[in-house]
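One structure is given below, encoded as C-alpha cells.
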Amino acid sequence: MGKARFRILNNNKKAIGNIESKGWGGVRWVDVQGGDKKGDVLISIDYINAEISYGNVRHSSSNSRNAVITVNDNEKVIVNFPISGQTWEDVYEGFLVTLPLEAGEVNKILIEGLDGPGPDIVSIGVEQIVNPTT
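Start counting the sequence shown at 31; every next residue gets the next number (my numbering).
This is how it looks when you write it as C-alpha cells:
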C-alpha cells in the first residue's frame, strides 16, 4: 500500500521496501492464524535494515528502524528493528514479536514506519500461541 514496493534480492527472495510512516507506505497481511483462542502469539519477522547512521544522527546508537504494527485495525505495537547487516541483501531471520491476535484465521497485520522509514520486510510467520485468554 502507498509507496511500498516489492524488490527481488540476490537470493531470489522478495522484500517489500519503502515502508513509511503516516500511511505513505506499508505492508498488510490478512487471514493470519491466531490459534484456537484469543491471546498473545509469537510472530516471526524476516527483515532487512542496513541503515548505518554515523555521528549525531537520530537512532545512531542502535541503527534501528522503528515500525508500528497494527493488529486488526485496532491494537498498535511499536517495534525497534536492529541492523540486520551491512548491505540491503542481509536478512535478519526469525525476529520475534508478540502480538495480540483473535482466534482463527481472521487477523489483519499492518506494518508501517513509526517516525520515518521502517525496515524492508521479507516475510512473517506464526510461531506459537504464548498466553491464550478466554
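We put the CB at the ideal spot given by N, CA and C, even for glycine.
Predicted model, so just to flag it, every value in this text is computed and none were measured.
Answer yes or no: the CB of residue i versus the heavy atoms of the ligand ADP, is any distance below 8 Å?
i	result
residue 112	Annotation note on the ligand ADP: not contained in the displayed structure, which lists no ligands.
Can you list, in chain order, the residues of its chain whose CB lies under 7 Å from that of residue i, leaving out five sequence neighbours each side?
i	result
residue 141	49, 56, 57, 97, 99, 148 and 151
residue 72	126, 128, 157, 158 and 160
residue 133	64, 65, 66, 67 and 68
residue 144	51, 96, 97, 98 and 108
Please state if the CB of residue j and the CB of residue i are separated by a distance shorter than 9 Å.
i	j	result
residue 78	residue 118	yes
residue 146	residue 83	no
residue 135	residue 64	yes
residue 121	residue 115	yes
residue 95	residue 81	yes
residue 70	residue 112	no
Residue range of the beta strand (DSSP E) that residue i falls in?
i	result
residue 126	122-131
residue 80	Segment: none, residue 80 is in no beta strand (DSSP E) and carries neither H nor E.
residue 97	95-101
residue 110	105-111
residue 140	135-143
With DSSP as the reference, label residue i as helix, strand or coil.
i	result
residue 50	coil
residue 117	coil
residue 70	strand
residue 61	strand
residue 34	coil
residue 92	coil
residue 44	strand
residue 56	strand
By Cβ distance below 6 Å, which residues in the same chain neighbour residue i in space, the five residues on each side in sequence not counted?
i	result
residue 37	45 and 47
residue 138	60 and 102
residue 90	Unreliable placement is indicated for residue 90, whose pLDDT of 47 sits below 50; no coordinate value is reported for it.
residue 124	74
residue 76	121, 123, 152 and 153
residue 40	119
Please list, in chain order, all residues of the same chain as residue i whose beta carbon is under 8 Å from its beta carbon, the five residues on each side excluded.
i	result
residue 42	none
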